[in-house]
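Peer 1:
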Amino acid sequence: MVGARDLKKIGDFLYEIPTSHRSDMRVPARFYADDRLLDGITGDRSLEQLVNTATLPGVVRYVLAMPDIHQGYGFPIGGVAATELPDGVISPGGVGYDINCGVRLLASPLEADAVQPHLDQLATVLYANCPSGVGQGGPVKLKPGELDEVMQNGARWALKRGFATEADLDRTEEGGCLAGADADRVSARARDRGRGQVGTLGAGNHFIEVDVVDRVQDEDTARRLGLFSGQVVAQIHCGSRGLGHQVCTDYVNLFQKTVRKYGLTLPDRELVCAPAGSPEGRNYLAAMQAAANYAFANRQVLAFHIRRSFEQVLAGRVKNHHLFQIYDIAHNMAKIESHTVDGRRLTLCVHRKGATRAFGPGSAVLPAAYRDIGQPVLVPGSMGTSSWVLVGTAGAMDQTFGSTCHGAGRTMSRHQAKRSVHGAGLREELETRGIKVRAGSLSGLAEEAPGAYKDVDRVVEVVHGAGIARRVARLTPLAVIKG
DNA sequence: ATGTGC
């Protein structure tokens, strides 16, 4: 267990666990927090997991955790670890079971007052059009061989099928398509699980939300993104469903063997990995990218059905309900990126698990329209609480390999939450606050109770204060759709 | 997170 005495405070919102803490650490471990969040962080195994990642072969500079850190499989959720190619390792546990879990934000030109009278119907129609729940299949029938196209081309596949516009792709991380994806590295079992699930939401913390922009923190940047106070927007939070889950399972199993083959010593079995430049490592990367493309396509099809739902409910009732895309980000992904470490330009495998890329102004990979303001960062809060739109900063490039937080972060396990919260009562409470709720499972709802999460406003305050993202606008929910 | 775990 890592306790308060093992920590060194090295900045207003920054702590370090030095390599003297444990003899197998190759680099220090750093994490961002304030005093209040610190209490929760030292209460579970997440810092010990972070220290474990500091022992990985090829890890550079320091491993990092964001203020929304909590316990995960092997790596903590909210963790960032960068390893140098080709001998530095890639680990499926550093990405997570939900490969390219991420968030998409669509914005309408409408004020909340115009939508309010139709909100109940909108929630019902969204729930009907966007299938959710564990194991749930979806509306898209793929032709033979078409699943390969989804995995190779991601949101580009969706464009060809009429589910996307060029503008959507332009405002998606990586253009919605990772070029290195190789569908041949994805097992038959993973394909079987994913075949019928394109355009579905899933369960757990995944959701579709209709929100209103309730606070604008930076007027200029908000305007540049197309956001204004009182505006109705829609958020999608979901990933690669059963396909990504199976890809992770397959490679975790396979990598049990590669750990021995390459003579790797690990403090936790859950950190199984392979050198990123080895055949096994490259195969996982290609399969992970295929699953990531599937997730981009999934969110794109959901966006299409959200647009259709707005059309169905609002056409003829309001003047313009077109939903344009602000951005789509991944928060479970390993990326091959170039970063400067101690004055040297290195090619790194950056694992972001429950962490968001937050590239600052000037980055060539950003859409032209956003290049001078930095990458939009979408931070969903817990159910019934606010969410945030941030932008990446030069500070993130300097401090965190261009990364920041991804959400509120759990304080209670799912099991704990289910025991202490009643789903029906929670729904009642949300509805009393004027939030429309459509949920397939009441126990699923209980697992996502706001009380089971940290305060997202505080998490965002820390990353803003630390300079690894900048606050632009806050969103508050009008309607929530869940599995 | 997940065709949910002992």
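For the first sequence, this note's numbering assigns the number 9 to the initial residue and increments by one for each residue that follows.
Just so it is clear, CB atoms sit at the ideal spot from N, CA and C, and this is done for glycine as well.
1. Leaving out five residues on either side along the sequence, give the residues of the same chain with a beta carbon under 7 Å from the beta carbon of Ala425.
2. Enumerate in chain order the residues of its own chain whose CB-to-CB distance from Gly184 is below 8 Å, with the five nearest sequence positions on each side excluded.
3. Less than 9 Å between the C-beta atoms of Val35 and Ala62, yes or no?
4. Given this structure, state the Cα-to-Cα distance separating Ile476 from Arg193, to the nearest angstrom.
5. Buried or exposed: where does Ile77 fall if 16 or more other Cβ atoms within 10 Å of its Cβ makes it buried?
6. Compare the beta carbon distance of Phe409 and Glu319 with 9 Å and say whether it is the shorter of the two.
7. Counting pairs of beta carbons, one from the segment 281-290 and one from the segment 137-156, are three or more of them closer than 8 Å?
8. Please name the residue, chosen from Val471, Val397, Arg422, that lies closest to Ala115 on a Cα-to-Cα basis.
9. Return the CA-CA distance between Gly202 and Ala481, expressed in angstroms with no decimal places.
10. As a quick exercise: from Arg231, Glu181, Gly448, pick the residue whose alpha carbon is nearest that of Ile381.
11. Taking the C-alpha atoms as reference points, what is the distance between Asn261 and Met159?
12. Could you tell me which uninterrupted beta strand (DSSP E) segments, each at least 3 residues in length, are contained entirely in the segment 76-152, listed from first to last along the chain?
13. Which two residues bound the contiguous alpha helix (DSSP H) that contains Arg201?
14. Leu494 and Pro75 look like a contact to me (Cβ under 8 Å); what is the Cβ gap, rounded to whole Å?
15. Alpha carbon to alpha carbon, how far is Ser451 from Asp47? Give it in angstroms, no decimals.
16. Quick check on DSSP: helix, strand or coil for Ala242?
17. Could you tell me which uninterrupted beta strand (DSSP E) segments, each at least 3 residues in length, are contained entirely in the segment 227-313, listed from first to last along the chain?
18. In angstroms with no decimal places, state the Cα-to-Cα distance between Val10 and Glu119.
19. Tell me which residue opens and which closes the beta strand (DSSP E) that Thr484 is part of.
20. Could you pull out every residue in the same chain whose Cβ sits closer than 7 Å to the Cβ of Gln264, ignoring the five residues on either side in sequence?
21. Are there 16 or more other CB atoms within 10 angstroms of the CB of Ala366, so buried, or fewer, so exposed?
22. Entirely within the segment 149-196 and at least 3 residues each: give me those beta strand (DSSP E) ranges in chain order.
23. Could you tell me the boundaries of the beta strand (DSSP E) in which Gly444 lies?
24. Do the segment 347-364 and the segment 314-330 touch if we need at least three Cβ pairs shorter than 8 Å?
25. Would you identify the three-state DSSP class for Lys426, choosing helix, strand or coil?
26. In three-state DSSP terms, what is Ala377?
27. Flag Val158 as yes when its Cβ comes closer than 8 Å to any non-hydrogen atom of the ligand PLP, and as no otherwise.
28. Provide the residue span of the alpha helix (DSSP H) that contains Thr440, from first to last.
29. Is the segment 441-449 touching the segment 127-138, taking contact as three or more C-beta pairs under 8 Å?
30. Quick one: what does DSSP say Thr61 is sitting in, helix, strand or coil?
31. Per DSSP, Pro341 forms a beta bridge with which residues?
32. Once you ignore the five residues that flank Lys490 on each side, which residues in its own chain have a CB closer than 6 Å to its CB?
33. Smallest Cα separation from Gly403: which of Gly431, Gly368, Leu331?
34. May I ask you to list the residues that DSSP assigns as paired with Gln333?
35. By DSSP, does Thr348 sit in helix, in strand, or in coil?
36. Could you tell me the distance, in whole angstroms, from the CA atom of Gly51 to the CA atom of Ile85?
Peer 2: Working from what's here:
1. Ala454, Glu455, Ala457, Ala460
2. Gly162, Ala163, Arg164, Ala166, Ala172, Asp176, Leu177, Asn301, Phe304, Ala305, Gln308, Asp336
3. yes
4. 35 Å
5. buried
6. no
7. no
8. Val397
9. 35 Å
10. Arg231
11. 22 Å
12. 85-92, 110-119
13. 196-203
14. Residue 494 is absent from the structure shown; the chain starts at 9 and stops at 491.
15. 28 Å
16. strand
17. 239-246
18. 48 Å
19. 478-490
20. Val280
21. buried
22. none
23. At residue 444 the sequence reads Lys, which differs from the Gly that was named. Counting along the chain, the beta strand (DSSP E) containing Lys444 begins and ends at 444-447.
24. no
25. helix
26. helix
27. The model on display carries no ligand, and the ligand PLP is accordingly not part of it.
28. 431-440
29. yes
30. helix
31. It should be noted that the sequence gives Met, not Pro, for residue 341. In DSSP, Met341 forms a bridge with Arg360.
32. Phe215, Ala447
33. Gly368
34. Leu114
35. strand
36. 15 Å
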